[in-house]
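**Q**
Numbering (the working numbering), first residue to last: 317 to 787.
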């Protein structure tokens, strides 16, 4: 088969996409339903118009051609058509967002010069000439990451290689926005229908990469020798001695352990709970490593749970594409938590589609929350709703939930070089976009972000929490 003519939208993928759309639209359907639209007695078609004969209320999405899937990957930057809000919904309807809507894929034979994004025909048929089905599957499945071979130094698919970044919609939950557009057209067909509402939520999460400055006391003494002999820095020498003392004799006082305590307190002061993802890895060049059996760590976890926080899994750097190491580390956390069901996030956001999802499914993890880009905030999957991913290689739905990551502290400060004020605006803008579509705003803030370089950012984080709490 010529790869340029291949479309990943199989029969299974098509049913999956209709159901994902139905969930976001607000249809309460059962697992037995094929598309999710059956409870409304609305027929849905992914077909060319000359193939559809219907005399009942129907929704038709005109499919794009197979080759366009691949052409989209190579489109020049900012080359998509963007359609005004009033051109995508029935007359007089106002969406909770007023930004123009990008069209990734047009149905075969149609462009913005031939047909509108969507129209209502005289026979009570709603026709989407923009292929919203292919677009939704394109985003949710992350198919492009299995086709585009670009990777960064940590073997991650970078934001800059994505269609969403190149076409300027990475900061838009377009899957969820498409669903709201469709919902308004269903209301035209069924004026008495009341969609199921989605509750906006905020998920504060914290990757616990380090609990002390050094991976071992031996490593600390090597650093101390460097402070004295090579760097000859008196103030740094004093700090290293203090850090070594805390690490060896009072772990609870390390800045990293205190960071956990402060993050929990910040959440509690605003009536919120946090999720803390702990590691169970050995020390390595990319992992400090810590002992989950330590009495100090056990007490810390116990206190977090007592105060209503969630504990999850933060697999080490070398669990990437290594299911055996992933299972080994999870077994350690199982023992520490005395439970086997929980979710987590990959260290360094190292993720390969669909392998990492498969590995998480294999060892029985409940959910993953890795799917965000390290170097740019936004909607990697085009959604802020938790969802079950689809394996485009094995053509099946995976038994694990993805809770997309929207913003990470390191992204704003170190990758994007934003000021705290600019970071604040990005957080509230993206949180508001999540609220507009009734999704989940997932924010990652590390317990290690409490040193002097981060002080203005911690002040900003403390200011943004009250806003998120009442959003």
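Beta carbons are placed, not taken as given, at the ideal position from N, Cα and C, and that holds for glycine.
1) Could you give the DSSP three-state label for residue 626: helix, strand or coil?
2) What are the uninterrupted segments assigned as alpha helix (DSSP H) that are 4 or more residues long and contained completely in the stretch 397-457, given in chain order?
3) Kindly indicate which three-state DSSP category residue 522 falls into: helix, strand or coil?
4) If the criterion is Cβ atoms closer than 8 angstroms, does the pair residue 690 and residue 458 meet it?
5) Alpha carbon to alpha carbon, what distance is there between residue 407 and residue 496?
6) Look at residue 660 and residue 705 and say whether their C-beta atoms are less than 8 angstroms apart.
7) Going straight from the alpha carbon of residue 737 to that of residue 759, what length do you get?
8) Among the residues of its own chain, which have a CB less than 7 angstroms from the CB of residue 447, if the five just before and after it don't count?
9) Just how far apart, CA to CA, sit residue 462 and residue 468?
10) Cβ of residue 682 within 8 angstroms of Cβ of residue 717?
11) Rounding to the nearest angstrom, what Cα-Cα distance links residue 334 and residue 493 in this structure?
12) Exposed or buried, what is residue 319 when buried is set at 16 or more other beta-carbons lying within 10 Å of its beta-carbon?
13) Nearest-angstrom Cα distance between residue 756 and residue 693?
14) Whole angstroms are fine: how far does the CA of residue 652 sit from the CA of residue 481?
15) Report the three-state DSSP secondary structure of residue 661 (helix, strand or coil).
16) Can a CB atom of chain C be found closer than 8 angstroms to the CB of residue 602?
17) Give the straight-line distance between the Cα atoms of residue 436 and residue 360, rounded to the nearest whole angstrom.
18) So, at 6 angstroms on beta carbons, what are the nonlocal neighbours of residue 734 in its own chain, with the 5 sequence-adjacent residues on each side left out?
19) Kindly identify the DSSP beta-bridge partner or partners of residue 361.
20) Among 502, 662, 341, 355, which has the Cα closest to the Cα of residue 635?
21) Grouping DSSP H, G and I as helix and E and B as strand, with all else coil, what is residue 322?
22) What would DSSP say about residue 343, mapped onto helix, strand or coil?
23) How close, in whole Å, do the beta carbons of residue 618 and residue 342 come, if the pair is a contact with beta carbons under 8 angstroms?
24) What are the boundary residues of the beta strand (DSSP E) that includes residue 590?
25) Relative to the C-alpha of residue 399, which candidate in 623, 405, 418, 715 has its C-alpha closest?
**A** This is what the structure holds:
1) strand
2) Scanning the stretch 397-457 for uninterrupted alpha helix (DSSP H) segments of 4 residues or longer gives 448-457, listed from N- to C-terminal end.
3) strand
4) Cβ atoms of residue 690 and residue 458: not closer than 8 angstroms.
5) Their Cα atoms are separated by approximately 15 angstroms.
6) no
7) Distance from the CA of residue 737 to the CA of residue 759, rounded to the nearest whole angstrom, comes to 16 angstroms.
8) 377, 378, 379, 380, 421, 422, 423
9) 15 angstroms
10) yes
11) 15 angstroms
12) Its pLDDT being 45, under 50, residue 319 is placed unreliably in this model, and the value from its coordinates should be taken loosely. The residue in question, residue 319, is exposed, as its Cβ has fewer than 16 Cβ neighbours within 10 Å.
13) Going by the C-alpha atoms only, they are around 15 angstroms apart.
14) 40 angstroms
15) Here DSSP, grouped into helix, strand and coil, assigns residue 661 to coil.
16) Given the protein chain composition of this structure (a single chain), no chain C is represented.
17) 14 angstroms
18) 728.
19) Under DSSP, residue 361 shares a beta bridge with 376.
20) 662
21) coil
22) coil
23) Rounded, the Cβ-Cβ distance is 40 angstroms, inconsistent with contact.
24) Its beta strand (DSSP E) spans residues 590-594.
25) Of the residues 623, 405, 418, 715, the one whose Cα lies closest to the Cα of residue 399 is 418.
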